[in-house]
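> The structure that follows is given in the form of structure tokens.
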Amino acid sequence: MQTEYEKVVLKKIKQLPPLYLKEVLDFMDFLTSKSPQNEALLLSEKSLAKDWLLPEEDEA
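Under the working numbering, the residues of the sequence shown are numbered 23 to 82, in order.
And the structure:
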């Protein structure tokens, strides 16, 4: 079952000229890349980097 937001978004996308559909898709990809799951991965990368940069890690 679609939410009201989904219905409105789909309706508005259908009304767009084809010229703008790629921009919508690009923006959706951008939003997906900002998802909390991806943000958590990026944040953990920074905290783990201190261990990755150790000489012992290079030897392994």
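All residues carry an ideal CB built from backbone N, CA and C; glycine is no exception.
#1: Between which two residues does the alpha helix (DSSP H) carrying Met50 extend?
#2: Helix, strand or coil for Gln24? Go by DSSP, reduced to three states.
#3: In this structure, how does DSSP classify Leu38 when only helix, strand and coil are distinguished?
#4: To the nearest angstrom, how far is it from the Cα of Phe49 to the Cα of Tyr42?
This is what the structure holds:
#1: Stepping through the sequence shown from its first residue, residue 50 is reached at position 28. Its alpha helix (DSSP H) spans residues 43-55.
#2: Residue mapping note: residue 24 aligns to position 2 of the sequence shown, counting from 1. Correct three-state label for Gln24: coil.
#3: Within the sequence shown, numbered from 1, the residue matching residue 38 stands at position 16. Residue state, collapsed to three classes: coil.
#4: Looking up residue 49 in the sequence shown gives position 27. Looking up residue 42 in the sequence shown gives position 20. The straight-line gap from Cα to Cα measures roughly 11 Å.
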